[in-house]
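Numbering (our numbering), first residue to last: 17 to 335. A short worksheet on the structure shown next.
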Ligand code: UDP
Ligand code: MG
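Right, here's the structure in full:
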């Protein structure tokens, strides 16, 4: 079944991290060496603009303990795509995904593996706290995870992309045809026997987070809509509420008219128009968003394009 006898695959997506990846690889290897497992480390360069790829090539030449693979995307396809590519290239009986900036502490890796040895197919890294973030970020993240937890049917609070997946789960995920996958939630959605490992989010030592407020908002909207159609139902509910309001205002206007004192309110009319207009436009935008996602899926473009790869042994690429 396993041609190269690799036990563990460590998958690390990297985007503009030239300063830190070598250090990360060293720390990951330090955590892995004491364990009696054959491992591979897969770095997926998500179309970095700096010298990340050169650094990856240099690391590969050093040939340290385990197998080292590097994959370069033709452009920036996003972290989710990089994680999926890593899964597709991995050979291990278990896979661990983690960030390249050491915010996911490598010294926790043995704990993930112990749980896997105990028979868990999925080991989720759960953040003890969310580290330093602004109040607004905190509130938005709270709402985001609430909605997500409801749509996945599992507590997603403080989940992360630091996790271990058994080969069985990796194969299930790789078979899913959807283009816009949300890695963090998909592992909860598939089910199977899972457990958690708690970790403290570390400070970023070099560089800065790749997230801007706009990117984060897009990320939240994209992932919520890819997991649930509930926002569409919200429109129906709003429609219902408006209908009730219409009956109420209608009766009120009728009574006034019968009494001979028709509603004088120009303001009322303007207000109703504005509220109605904005809700309608909001609803159309929302429907449009779902339609655009549908057409994205139908276009069926690849999730990523690999430009270069190193350390990939063609002979053993049997699948
Ligand atoms: N990353 C990526 N593609 C991107 C953005 C980020 O592969 O377009 C990687 C990045 O190199 C890091 C991980 O995803 O390994 C998390 O990114 P970051 O530290 O910027 O996010 P944060 O920790 O702030 O959530
Ligand atoms: Mg980070």
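In this text, a Cβ means the ideal position worked out from N, Cα and C, and glycines have one as well.
Subject >> Cβ neighbours of residue 3 in the same chain (closer than 7 Å, five flanking residues each side left out) >> reply: This structure leaves residue 3 out entirely; the chain is present only between 17 and 335.
**OP:** Answer with buried or exposed for residue 286, where buried requires no fewer than 16 other C-beta atoms within 10 angstroms of its C-beta.
**Re:** exposed
Subject >> Unbroken stretches of the alpha helix (DSSP H), 4 residues or longer, contained in the segment 128-191 >> reply: Annotation: the segment 128-191 contains the following complete segments of the alpha helix (DSSP H) (minimum length 4 residues), in chain order: 151-168 and 183-191.
Original post:
Do residue 240 and residue 328 have their CB atoms nearer than 7 Å?
Top reply: No; because the gap between Cβ atoms is not below 7 Å, this pair is not in contact.
Original post:
What separation, rounded to the nearest whole angstrom, lies between the Cα atoms of residue 209 and residue 77?
Top reply: 39 Å
**OP:** Put residue 86 into one of helix, strand or coil per three-state DSSP.
**Re:** strand
**OP:** Consult DSSP for residue 336 and reduce its assignment to one of helix, strand or coil.
**Re:** There is no way to answer for residue 336, as the model of the chain reaches only from 17 to 335.
Original post:
Taking C-alpha atoms, which residue in 313, 53 and 37 lies nearest to residue 4?
Top reply: The first residue shown for the chain is 17 and the last is 335, placing residue 4 beyond what the model contains.
Subject >> Beta-carbon separation (whole angstroms), residue 248 vs residue 307, contact threshold 8 Å >> reply: 11 Å between Cβ atoms; not a contact.
Original post:
What residues in its chain sit with their C-beta under 6 Å from that of residue 144, if we drop five residues either side in the sequence?
Top reply: 214 and 216
Subject >> residue 234 CB to nearest heavy atom of the ligand MG below 6 Å >> reply: no
**OP:** Measure the beta-carbon distance from residue 160 to residue 120 and round it to whole angstroms, keeping in mind my assumption that it falls under 8 Å.
**Re:** So it is not a contact: roughly 20 Å between Cβ atoms.
Subject >> Backbone CA spacing between residue 117 and residue 99 [nearest angstrom] >> reply: 15 Å
**OP:** Return the chain-ordered ranges of every alpha helix (DSSP H) run that is complete within the segment 211-261 and spans a minimum of 4 residues.
**Re:** 229-243
Original post:
Going along the chain, which residues of its own chain have a beta-carbon closer than 6 Å to the beta-carbon of residue 47, five neighbours each way excluded?
Top reply: For residue 47, where only same-chain residues beyond five positions count, the Cβ hits under 6 Å are 122, 123 and 125.
Subject >> the segment 56-73 / the segment 88-103 touching (three or more Cβ pairs under 8 Å) >> reply: yes
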